[in-house]
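Notes follow the structure.
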Amino acid sequence: MIEFEWQPVDGFTLESEALDAIKATSNIYVIAGPGAGKTELLAQKASYLLEAGICLFPRKILAISFKKDAAKNLGERVRKRCRKELSSRFVSLTYDAFAKGLIDRFYRALPENYQPLPNFNILTNMNEIKYEFDLVDKKFSSSISDHNRCLTESKLLFSVNPDSKKEQVVNAVWKNLLKRNTITFQMITRLAEYLIRVNPILRKCLILTYSHVFLDEYQDTTTLQYDLLKTCFLKSDTIITAVGDQKQRIMLWAGADKNAFTNFEQDFTAQKATLLVNYRSAPRLVTIQQILAKHIEGDESECKESTNCLNNEGICEIWYCNGHLQEGEVVSKNIHNWIKNENLKPNDICILVRMKSDKYGAKLIEYLNELGIEARDESRLQDFLTEDIVRLICAYIYIIFSDKGTNEWNEIMNALKILRGVYHENEDDIDDIKKIENDLQDSLHSFRDSFNKIQNKTDMEKVVCQIVEFFGASELSAYYQQYRNQDYFTKTLQSLNDELWNYFEKKQNWADTVESLMGKDAVPIMTTHKSKGLEYDTVIFIGLEDSAFWNFRKQPEEETCGFFVALSRAKRRVIFTYCKVRNTGRNGLPESQSINSIQDLYKILKSSNLVYETDLR
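Written out as structure tokens, the structure reads:
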């Protein structure tokens with residue numbers, strides 16, 4: 067009876083296929099193109115499972131995403147869609163965070179030879195992996211990616227007496243890294259898979275904890291991550307929902323499994339659903355996406371535009387320039403006009419590049435700054451701004467100095483209730499919640515005075531430290547697992563102090579400082595990979611040239627998928643630029659550009675008869 071009473075929350079209207087996927091009682095994977103509402107489907111499904119009592123207390127829903135910002139976004143949506151006491155049972159993590167959490171809590175259940183010490187270091191420089199292999203056997207492999215894959219691909223690496231030369235070398239590298247208490251995220255995932263595989267009680271606890279598991283951007287799942295998923299939940303009563311889009315598969319270079327959906331369907335006996343409506347892009351852009359989709363292997367469906375759009379809506383253009391200086395001038399002036407005349411905000415516009423956002427975007431940042439428009443390279447800040455302690459402190463500073471911080475107030479209150487052990491809002495907790503509200507309100511006045519007395523960066527760092535103590539340093543590290551590593555916590559806070567002071571010196575106003583740091587007033591510049599899951603009114607793709615797509619001849623499918631991702635970020639307008647000469651050669655020297663290798667991409671755009679070309683050469 068409850069099932070029929072449930073309706074999508076917050077006024078959303080869902081396709082019948084989406085409603086079926088939400089109410090599915092068995093494993094299911096949803097193929098959905100850009101703008102089809104994959105994240106919203108998961109948020110609505112969480113609401114349905116929790117509100118209808120299908121996910122019964124004390125069981126929870128586990129959502130696993132590929133990127134930090136995607137995990138954060140999904141968690142925030144569920145908190146908006148559900149009552150607070152229900153949303154507390156929704157856990158949204160990345161694959162890396164899920165695996166690391168298992169190791170942090172249960173590492174003592176691993177064989178002694180493979181136990182990392184508490185607060186182990188995460189190795190991100192893959193050259194160091196090669197160095198470790200060279201110490202054991204210089205002839206083992208020449209490719210850094212091969213080294214990293216060898217460390218994690220076999221489930222038999224934990225044998226006491228490895229037989230093959232390969233296993234002997236890999237075991238030696240594992241031991242050397244563990245002696246230094248330094249491992250990669252991939253190694254952590256393999257350790258977590260092994261941990262669950264040899265400890266059936268832990269596996270049973272996982273299954274009892276999570277009645278449902280959501281997998282976001284499933285097309286990017288690696289073979290290693292899929293091994294962990296199977297070890298944890300295969301042949302259990304946990305129901306898994308995977309969503310993704312084969313046309314946006316751009317992580318094969320990082321180990322994504324090309325057969326991810328097929329394997330999931332076979333191993334988990336999963337049903338398939340397809341969402342066709344694109345609610346994001348204007349009709350003309352959807353038409354171009356349809357043409358491009360037909361050139362991508364494995365695409366069988368045809369996306370449709372939303373009925374809310376007019377048929378003539380949408381702009382797609384190619385601008386041909388002599389060089390990056392002319393390109394920068396033209397792009398910056400158009401952005402200035404759009405902001406002035408179309409009521410757009412700077413962060414309604416995104417500048418995308420295939421790679422090297424610092425090189426491709428440097429001159430553009432200068433030109434935009436000259437016009438009074440802030441722009442920045444998001445590759446440096448994107449993950450940093452998803453850090454829990456960064457968001458909490460920025461939100462706290464914002465509500466001190468702004469009367470527009472309703473969302474920030476709610477975010478802080480939710481965090482304080484969790485940190486202080488108030489998980490529900492029943493009658494027994496009313497007094498505790500009131501006390502938290504009063505403590506927060508009183509602290510704001512005190513900290514306002516502290517901020518107003520700040521004379522230099524050292525003063526500010528002391529105040530930030532006091533804010534951390536207000537939340538509770540030990541409580542923060544207990545709840546947010548990544549901060550159990552004190553070095554990581556300290557480095558994150560130091561980076562926050564650096565960024566806050568840098569922006570404050572420009573703005574001289576704390577509310578404006580926080581808004582600018584969070585990207586409210588800036589045009590973001592990022593790579594296609596960083597743009598996954600994001601959307602903008604206008605997208606400008608800089609450098610539709612062979613040198614940017616240098617691997618197109620070897621991997622045309624993956625590169626075309628990357629181009630599809632760039633095209634599909636735009637709601638209303640997308641611009642592609644080409645330069646005859648660009649300063650991306652060695653030492654920033656001018657380099658002639660061509661479009662011979664990526665001629666197919668130009669043919670696809672032009673075949674739509676919807677792309678306007680402007681030759682500025």
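For the sequence shown, the positions run 67 to 683 when our numbering is used.
Backbone N, C-alpha and C define an ideal beta-carbon position, used for all residues, glycine too.
Predicted model, so just to flag it, every value in this text is computed and none were measured.
On the DSSP letters alone, give me the boundaries of the beta strand (DSSP E) that residue i sits inside.
i    : result
Q337 : Q337 to L341
M192 : Unbroken run through M192 is the alpha helix (DSSP H), M192 to V202; no beta strand (DSSP E).
I591 : A588 to T593
D603 : Y602 to I608
Y345 : From DSSP, Y345 is part of no beta strand (DSSP E); its letter is neither H nor E.
A98  : I94 to A98
L418 : I415 to V419
Measuring CA to CA, which of the options is closest to residue i?
i    : options                   : result
E233 : A588, T218 and N247       : T218
E393 : R350, N409 and K429       : K429
N522 : E571, C531 and G487       : E571
L600 : L391, A632 and S674       : A632
G101 : K598, E623 and A544       : K598
G77  : G141, K146 and E142       : K146
S520 : Q574, M592, A112 and R269 : The sequence shown places Ile at residue 520, rather than the Ser named in the question. Per the Cα distances, Q574.
I405 : I381, L434 and L107       : L434
D170 : V647, T255, V530 and V529 : T255
E83  : E71, L676 and K111        : K111
L485 : I455, L510 and N473       : I455
L244 : M192, I459, Q252 and F186 : F186
V309 : L295, L318 and F327       : F327
D333 : R350, E81, K296 and L351  : K296
S445 : K425, E436, A544 and G103 : K425
K150 : A481, S540, V530 and G609 : A481
Along the chain, where does the alpha helix (DSSP H) containing residue i start, and where does it finish?
i    : result
C627 : P622 to S634
M526 : K523 to F537
P349 : P349 to A359
E383 : Premise fails: E383 lies in the beta strand (DSSP E), I381 to G389, not in any alpha helix (DSSP H).
A129 : Per DSSP, A129 belongs to no alpha helix (DSSP H); it is in the beta strand (DSSP E), K126 to S131.
I88  : S82 to I88
A165 : Y161 to F172
E690 : In the structure as shown, the chain starts at 67 and stops at 683, and residue 690 therefore has no counterpart that could be examined.
L152 : K150 to S153
L244 : K231 to K245
A118 : From DSSP, A118 is part of no alpha helix (DSSP H); its letter is neither H nor E.
N139 : K134 to R147
K672 : Q665 to S673
E178 : Neither: E178 is in no alpha helix (DSSP H) and is coded neither H nor E.
E71  : I68 to E71
Would residue i and residue j qualify as a contact pair, given that the criterion is a beta-carbon distance under 8 Å?
i    : j    : result
S347 : A636 : yes
I316 : G628 : yes
Y644 : Q659 : yes
Q285 : Y161 : no
T307 : A87  : yes
T558 : K134 : no
I591 : G471 : no
K126 : T275 : yes
L189 : T288 : no
V647 : F607 : no
L115 : L140 : no
N247 : A175 : no
L85  : F172 : no
I478 : L447 : no
D603 : L351 : no
W475 : I463 : no
L152 : E198 : no
With a threshold of 7 Å (Cβ to nearest heavy atom), would residue i be considered close to the ligand SAH?
i    : result
K483 : The ligand SAH is absent from the structure shown, which contains no ligand whatsoever.
**Prompt:** Which ranges does the alpha helix (DSSP H) cover as unbroken runs of at least 4 residues, wholly within the stretch 249-335, from first to last along the chain?
**Reply:** If we require 4 residues or more, the alpha helix (DSSP H) runs fully inside the stretch 249-335 come out as 251-263, 266-275, 289-299 and 326-333.
**Prompt:** Hey, is the stretch 557-565 in contact with the stretch 414-433, meaning 3+ C-beta pairs nearer than 8 Å?
**Reply:** Cβ pair count under 8 Å is below three, so no.
**Message:** Would the stretch 158-166 count as touching the stretch 254-263 if we require 3 or more Cβ pairs under 8 Å?
**Reply:** With a cut-off of 8 Å, the stretch 254-263 and the stretch 158-166 count as touching, because enough Cβ pairs lie within range.
**Message:** With three or more C-beta pairs closer than 8 Å as the rule, is the stretch 349-359 touching the stretch 612-620?
**Reply:** By the C-beta criterion, the stretch 612-620 is judged not to be in contact with the stretch 349-359, since fewer than 3 inter-stretch pairs fall below 8 Å.
**Request:** Would you be able to state if there are at least three C-beta pairs under 8 Å between the stretch 496-515 and the stretch 417-426?
**Result:** Contact between the stretch 417-426 and the stretch 496-515 is absent, because fewer than three Cβ pairs lie under 8 Å.
**Item:** Ordered list of beta strand (DSSP E) runs contained in the stretch 426-512, each at least 3 residues
**Value:** Fully contained in the stretch 426-512 are the following beta strand (DSSP E) runs of length 3 or more, in chain order: 440-443.
**Item:** Any alpha helix (DSSP H) of 4 or more consecutive residues that is wholly inside the stretch 546-590
**Value:** Runs of the alpha helix (DSSP H) spanning 4 or more residues and lying entirely within the stretch 546-590 occur at 552-573 and 576-583, in chain order.
**Message:** Taking 8 Å as the cut-off, does the stretch 139-159 touch the stretch 238-246 (at least 3 CB pairs, one atom from each stretch)?
**Reply:** No, the stretch 238-246 does not touch the stretch 139-159.
**Message:** Between the stretch 293-310 and the stretch 175-186, can you find at least three pairs of beta-carbon atoms closer than 8 Å?
**Reply:** Because the criterion of three Cβ pairs below 8 Å is not met, the stretch 175-186 and the stretch 293-310 do not touch.
**Asked** Between the stretch 121-130 and the stretch 270-283, do at least 3 Cβ pairs fall closer than 8 Å?
**Response** Touching, yes, given that three or more Cβ pairs across the two stretches are closer than 8 Å.
**Request:** Count the C-beta pairs between the stretch 89-106 and the stretch 331-345 that are closer than 8 Å, then say yes if the count reaches three, no if not.
**Result:** In short, these stretches touch, since the Cβ pair count reaches three.
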